[in-house]
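For the protein sequence lines, the chains are A and B, in the order given.
With the working numbering, letter number 197 in the first sequence gets 197, and the count goes up by one each step, no holes.
With the working numbering, letter number 225 in the second sequence gets 225, and the count goes up by one each step, no holes.
Number of protein chains: 2
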Amino acid sequence: MLAPAVADAREEREEGTASQRAAARPVPLADRVLSADRRSIARALSAVERADDAARALVAALYPHTGRAHLVGVTGSGGAGKSTLIAALAAEWRRRNRTVGVVAVDPTSAASGGALLGDRVRMEGLLGDPGVFVRSMATRGAAGGLARATLDAARVLDAAGFDLVVLETIGAGQDQLDVARAVETVLVVEAPNMGDDVQALKAGLGEVAALYVVAKAELPGADRTAAALRGALALDPARDGWRPRVLLVSATAGTGVDALADVIDEHRAWLAEHPANRQARVEAAAAVELRRELVDQLLRRAAVTNEALAAAARAVAERELTAYEAAARLLSSGA
Amino acid sequence: MLAPAVADAREEREEGTASQRAAARPVPLADRVLSADRRSIARALSAVERADDAARALVAALYPHTGRAHLVGVTGSGGAGKSTLIAALAAEWRRRNRTVGVVAVDPTSAASGGALLGDRVRMEGLLGDPGVFVRSMATRGAAGGLARATLDAARVLDAAGFDLVVLETIGAGQDQLDVARAVETVLVVEAPNMGDDVQALKAGLGEVAALYVVAKAELPGADRTAAALRGALALDPARDGWRPRVLLVSATAGTGVDALADVIDEHRAWLAEHPANRQARVEAAAAVELRRELVDQLLRRAAVTNEALAAAARAVAERELTAYEAAARLLSSGA
C-alpha cells in the first residue's frame with residue numbers, strides 16, 4: 001500500500017487519461033469507488049476537482065450510495081490548528097477501529113499542496129493505513145465551484161465506505177458556509193487569543209456550529225478564550241435543543257481528543273434522535289445546492305461570462321444602470 | 001400639509017390610477033418625485049411595492065439622482081424597541097434641521113400597517129412635518145422581493161431629497177442581510193436581557209454592523225447587555241479601521257439619542273474619509289443585487305415555478321437526483 005500523499009501525487013499525473021476513461025465509461029469507475037479501490041477513489045476525486053461531465057456522471061452514479069458516512073466540517077482561521085487537530089482526531093478514530101476520509105480545502109496551500117496536513121498525518125503514524133484517505137484540494141474557478149467540488153469529494157469518500165468524512169475549510173466566505181450547512185456536524189477551531197470567536201459567529205457559522213474547539217490548549221490564554229466563547233454562547237437561547245459545546249484540546253499534548261471524538265458521536269446520535277431537525281437541514285442544503293446549479297447552468301446557457309458579469313456589476317455600482325436593467329441587458333446580449 | 005400617515009392612506013386608494021399613469025408616462029412621476037411632491041413620492045413607493053414594469057422604469061429614471069442621502073439600516077428582533085428609537089432619532093434630526101425618510105419593513109405588521117411606527121411618530125410631534133416621510137411596507141412575494149422593494153423605496157426617498165433615509169428591517173433572513181449590506185450605516189438594536197446579541201452576530205450582521213444600540217436603557221440589565229456586547233466585540237480584531245460602537249439609549253427618557261445621532265454622522269464621515277472601503281461595499285452590494293435580478297429573470301424566462309423548484313429540491317434531499325441533474329431537468333422541462 002502506498003502512502004496516501006504519494007499515491008495521490010502519482011495518480012494526479014495520470015488524470016488526463018483517467019478523465020478520458022471516466023468520460024467514456026463513468027459507471028465502471030463508480031463501481032470501483034464503491035469497492036473502495038484506492039486508486040479509483042483518487043481518480044474520482046481528481047474528476048470531481050475538474051468538475052467536468054465525467055465527474056457529473058460519476059457523482060450521479062455514486063449519489064444513491066451516499067448518506068452512510070458521518071460528515072464532519074472543521075473550520076476556522078488559518079493558524080488555528082485545524083490540520084494538527086484533524087490528524088489527532090483521525091488517529092483517535094483509527095484506535096476506535098473506524099475509517100476516516102479527509103478533504104482539505106485551503107486557498108493558501110495551492111502551492112504547498114496540503115503539505116501541512118500530510119505532515120501531520122505522517123506524524124500520527126497514519127501513512128500507509130488503508131483506513132485513512134487524505135486529499136487536499138486547491139481552491140480555484142468561479143464562486144460556488146469550491147463548495148460543489150468539496151461536497152462532491154465528500155460524496156466520493158462516503159460512497160467508498162469511510163465511516164467518517166472530514167471536510168476542512170478555511171476562511172469565511174459563502175462557499176465555506178454552504179459546505180458547513182451541508183455537513184452534519186460543524187466544528188469551529190479557535191486558537192487561544194486569536195480573537196476570532198466572534199469572527200466565526202460573524203461569518204454566520206454560529207448558526208450551524210455544533211462544537212467549538214479551543215485548540216493549542218497548552219498555550220496561555222486558552223482558558224480565557226474558552227470562557228469568552230462559553231459566555232457568548234450562554235447569551236444565545238438554546239437552539240433546536242442542541243447546546244453548542246466548547247472543548248479544550250491540545251493535540252500536541254494529546255489531551256481532549258478522546259472527549260472531542262465522544263462529543264462528535266454524541267452530536268450524530270442527537271441528530272438521529274431528532275429526524276425532523278436533521279431532515280430540515282438536509283432539505284435546506286439541497287435547496288441551496290440546487291439554486292447554485294440552476295444559476296450556473298442558466299448563466300452558461302445565456303453565455304454570460306464572469307467578465308461581463310463583473311462589468312455589469314460595476315455599471316450598477318456607478319449608477320449607470322439599475323440591477324434590473326443590467327440583468328436584462330446581459331441576458332439579451334447573451335441570447 | 002396633510003399628516004404623513006393620512007396622506008399615505010389617501011394616496012394608497014388612488015394607486016390603481018397612479019399605476020396606469022406611471023406605466024404610460026413613467027418620467028413625469030419621476031420628475032415630480034425629484035421635486036419632492038409628497039403625493040408623487042407616495043405613488044412612487046406604491047409602485048415600488050408592486051414591483052411592476054412601471055416601477056422599474058421609475059427607479060431607472062430616479063437612479064442617477066440617488067446617492068446623496070445617508071442610508072441608515074436599523075435592525076433587530078421584534079420588541080427590541082426599533083420603532084420608538086427611529087421616531088426619537090427622527091425628532092433629533094429634525095431639531096438639527098435635517099429631513100428624514102423612513103421605510104419600515106415588518107413581516108408581522110402586515111395587518112396593523114405599521115401602526116406602531118405611526119404612533120411613535122405622532123408621539124414625537126412629527127405628524128404634518130414636511131421634513132419627515134414614513135412608509136411601512138408589508139413583506140410579501142418571493143424571496144429577494146423584499147430586499148428589492150426596500151432598496152428601491154430608499155432610492156425613491158433618496159432621489160426626493162431626504163437627508164437621511166432609514167430602513168427598518170426585522171428578523172434575520174437573507175433579505176435583511178442584503179438590505180444591511182446595501183446601506184451605509186447599520187445599527188443593530190438590542191433590548192436588555194433579550195439574549196439576541198449573538199443572534200445578530202449569528203445572522204451575519206456582525207460583518208456589517210457599525211453600531212449596537214441597547215435600547216430601553218432605563219430597564220434593569222441594560223448595562224449588563226452592553227457589557228456583554230462590548231466584551232464580544234472586543235474579541236474582534238478591529239475591522240477596516242472602524243470599531244463598532246455600543247451605545248445605551250433610552251428613547252422614552254430621552255437619553256443617548258443625541259449621542260447616537262452624533263455617532264451615525266461620525267460613521268458617515270469615516271466612510272467619506274475611506275473611499276476605497278466605501279467603494280468596495282457599494283460594488284459588493286451591486287453584485288449581490290445584480291445576481292438576484294439575473295436569477296429572477298432567468299427563472300422567469302425558463303418558466304421555473306416555485307413549486308417545481310421545491311419539488312426538485314426535495315428530490316435532491318431524497319438523493320433521487322443530484323443537484324446538477326435536478327437543475328438540468330428543471331431547465332429542459334421549462335424550455
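Ideal Cβ placement from N, Cα and C applies to all residues, glycine included.
All of these numbers come straight from a predicted model, not from anything done at the bench.
Item to check | Under 7 angstroms by beta carbon: chain A residues contacting residue 317 of chain B | outcome: 282, 283 and 286
Item to check | Complete beta strand (DSSP E) runs within the segment 51 to 97 of chain A (minimum length 3 residues, chain order) | outcome: 70 to 76
Next on the checklist: Tell me which residues of the segment 291 to 302 of chain A have at least one Cβ-Cβ distance to chain B shorter than 9 angstroms, keeping chain order.
Outcome noted: 291, 292, 293, 294, 295, 296, 297, 298, 299, 301 and 302
Next on the checklist: What does the Cβ neighbour count give for residue 333 of chain B, buried or exposed, with the cut at 16 atoms within 10 Å?
Outcome noted: It is exposed - the Cβ of residue 333 of chain B has fewer than 16 other Cβ atoms within 10 Å.
Checklist entry - Which bits of chain E does residue 60 of chain B rub up against, with CB to CB less than 7 angstroms? => result Here chain E cannot be found, since the structure's protein chains are A and B.
Checklist entry - Beta-carbon of residue 305 of chain A versus every beta-carbon of chain B: anything under 8 angstroms? => result Not an interface residue.
Next on the checklist: Quick check: is the beta carbon of residue 70 of chain A nearer than 8 angstroms to any beta carbon in chain B?
Outcome noted: no
Next on the checklist: Quick check: the segment 272 to 283 of chain A against the segment 299 to 308 of chain B, are at least 3 beta-carbon pairs closer than 8 angstroms?
Outcome noted: no
Item to check | Backbone CA spacing between residue 156 of chain A and residue 53 of chain B [nearest angstrom] | outcome: 47 angstroms
Checklist entry - Could one say the Cβ of residue 66 of chain A lies closer than 8 angstroms to chain B's Cβ atoms, at least one of them? => result yes
Item to check | When B:68, B:154 and B:125 are compared against residue 102 of chain B, the one with the closest alpha-carbon | outcome: B:154
Next on the checklist: I want to see whether chain A comes within less than 8 angstroms of residue 314 of chain B, judged by CB atoms only; does it?
Outcome noted: Interface residue, yes.
Checklist entry - Can you find at least 3 beta carbon pairs, one from the segment 181 to 194 of chain A and one from the segment 260 to 270 of chain A, that sit closer than 8 angstroms? => result yes
Next on the checklist: Let me check understanding here. Comparing Cα to Cα, which of B:284, B:56, B:313 and B:305 lies closest to residue 285 of chain A?
Outcome noted: B:313
Item to check | Where residue 316 of chain B sits in the DSSP three-state scheme | outcome: Correct three-state label for residue 316 of chain B: helix.
Checklist entry - residue 176 of chain A: buried (16+ other C-beta within 10 angstroms of its C-beta) or exposed? => result Under this definition residue 176 of chain A is a buried residue.
Checklist entry - Going straight from the alpha carbon of residue 296 of chain B to that of residue 221 of chain B, what length do you get? => result Spanning the two alpha carbons is a distance of roughly 45 angstroms.
Checklist entry - Can you name, in chain order, every residue of its own chain whose Cβ lies under 7 angstroms from the Cβ of residue 63 of chain B, other than the five neighbours on each side? => result 155
Item to check | Residues near residue 121 of chain A in its chain [Cβ-Cβ closer than 6 angstroms; skip 5 each side] | outcome: Once the five neighbours on either side are set aside, the close Cβ partners of residue 121 of chain A are 87 and 134.
Next on the checklist: List, in chain order, every chain B residue whose beta-carbon is nearer than 7 angstroms to that of residue 78 of chain A.
Outcome noted: What residue 78 of chain A touches in chain B: nothing, since even the nearest Cβ is about 14 angstroms away.
Next on the checklist: List, in chain order, every chain B residue whose beta-carbon is nearer than 7 angstroms to that of residue 328 of chain A.
Outcome noted: 297
Next on the checklist: Just to make sure I have the definition right: I need the residues of chain B whose C-beta is within less than 7 angstroms of the C-beta of residue 43 of chain A. Which are they?
Outcome noted: Within chain B, no residue comes near residue 43 of chain A; the closest Cβ sits about 19 angstroms away, beyond 7 angstroms.
Item to check | Neighbourhood of residue 49 of chain A by C-beta distance below 7 angstroms, restricted to the same chain and skipping five residues each side | outcome: 137 and 149
Next on the checklist: Going by DSSP, what residue range makes up the alpha helix (DSSP H) through residue 101 of chain B?
Outcome noted: No alpha helix (DSSP H) contains residue 101 of chain B, which is instead part of the beta strand (DSSP E) from 100 to 105.
Item to check | Contacts that residue 231 of chain A makes with chain B (C-beta to C-beta distance below 9 angstroms) | outcome: 228, 231 and 232
Next on the checklist: Counting C-beta neighbours from all protein chains within 10 Å, is the total for residue 76 of chain B 16 or more, i.e. buried, or is it exposed?
Outcome noted: Counting the other Cβ atoms within 10 Å of the Cβ of residue 76 of chain B gives 16 or more, which makes it buried.
Checklist entry - Nearest to residue 311 of chain A by alpha carbon, out of B:322, B:309, B:125 and B:283? => result B:283
Item to check | residue 356 of chain A in three-state terms, based on DSSP | outcome: As shown, chain A starts at 1 and ends at 335. That puts residue 356 of chain A outside it, with no answer to give.
Next on the checklist: Taking only three categories from DSSP, how would you classify residue 225 of chain A?
Outcome noted: helix
Item to check | Endpoints, alpha helix (DSSP H) assigned at residue 260 of chain A | outcome: Start and end: 257 to 273.
Checklist entry - Does any CB atom of chain A fall closer than 8 angstroms to the CB of residue 219 of chain B? => result no
Item to check | Environment of residue 244 of chain B [buried if 16+ CB atoms lie within 10 Å] | outcome: buried
Checklist entry - Can you give the Cα-Cα distance for residue 99 of chain A and residue 259 of chain A, rounded to whole angstroms? => result 18 angstroms
Checklist entry - Which residues in the same chain have their Cβ closer than 7 angstroms to the Cβ of residue 179 of chain B, if we skip the five residues on either side of it in sequence? => result The answer, listed in chain order, is 73, 147, 150, 151, 167 and 169.
Checklist entry - Considering only C-alpha positions, which residue in the set A:215, A:289 and A:158 is nearest to residue 83 of chain A? => result A:215
Next on the checklist: With H, G and I counted as helix, E and B as strand and the rest as coil, what does DSSP make of residue 25 of chain A?
Outcome noted: Confidence in residue 25 of chain A is poor, its pLDDT being 45 and thus under 50, which makes the residue's placement unreliable; the coordinate value appears in the next sentence. Looking at residue 25 of chain A - three-state DSSP - the assignment turns out to be coil, as it is neither helix nor strand.
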